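Heads up, the sequence shown is in the UniProt record's numbering, so the first residue is 1 and it goes up one at a time. Have a look at the structure below, then the notes.
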Amino acid sequence: MEPPWVTADTVDQQAYVTCATNDTYALGALVLAQSLRNVQTTRKLAIIITPEVSDKIKGLLRNAFDVVEIVDVLDSKDEAHFLACLTRPDLGITTKFHCWRLTQFQKCVSPMQT
């Protein structure tokens, strides 16, 4: 049950947002979406994806998420320095910054792991 100050309009303006830059990450996002649906979230589900996600997976994402935005990859190109020391060059992909473009929402929560 929602607190009394949370209205239907408020709920529609809030979202869980995640990001997928390839099919592997997109499969994890599908699990996240289903988990949130299973607990009967009242918030919108949004995902930002890059063109590298296949058409087949894009179709699955469109069925699972309320909002699917295709964005360009943003890469910090820091593989040779800090990120290489962490052995996680994928952390240089900063595509998730595109979340700031989801201005149709007043509040976004990102359960992203990177």
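C-beta: ideal position from N, C-alpha, C; glycine also. None of the values given here were measured: they were computed from a predicted structure.
Three-way DSSP call (helix, strand, coil) for residue i in this model
i: residue 109; result: strand
i: residue 11; result: helix
i: residue 53; result: coil
i: residue 31; result: helix
i: residue 42; result: coil
i: residue 83; result: At residue 83 the pLDDT is 48, less than 50, meaning the model places this residue with poor confidence; the figure from the coordinates comes in the next sentence. Helix at residue 83.
i: residue 18; result: strand
Cβ pair residue i, residue j closer than 8 Å
i: residue 15; j: residue 37; result: no
i: residue 26; j: residue 53; result: yes
i: residue 41; j: residue 29; result: no
Inter-residue CB distance, residue i and residue j (contact presumed, cutoff 8 Å)
i: residue 71; j: residue 50; result: 6 Å
C-alpha gap between residue i and residue j, whole angstroms
i: residue 24; j: residue 111; result: 17 Å
i: residue 32; j: residue 62; result: 14 Å
i: residue 10; j: residue 69; result: 21 Å
i: residue 65; j: residue 55; result: 15 Å
i: residue 45; j: residue 106; result: 14 Å
i: residue 109; j: residue 21; result: 19 Å
i: residue 47; j: residue 39; result: 18 Å
i: residue 101; j: residue 13; result: 14 Å
i: residue 60; j: residue 34; result: 11 Å
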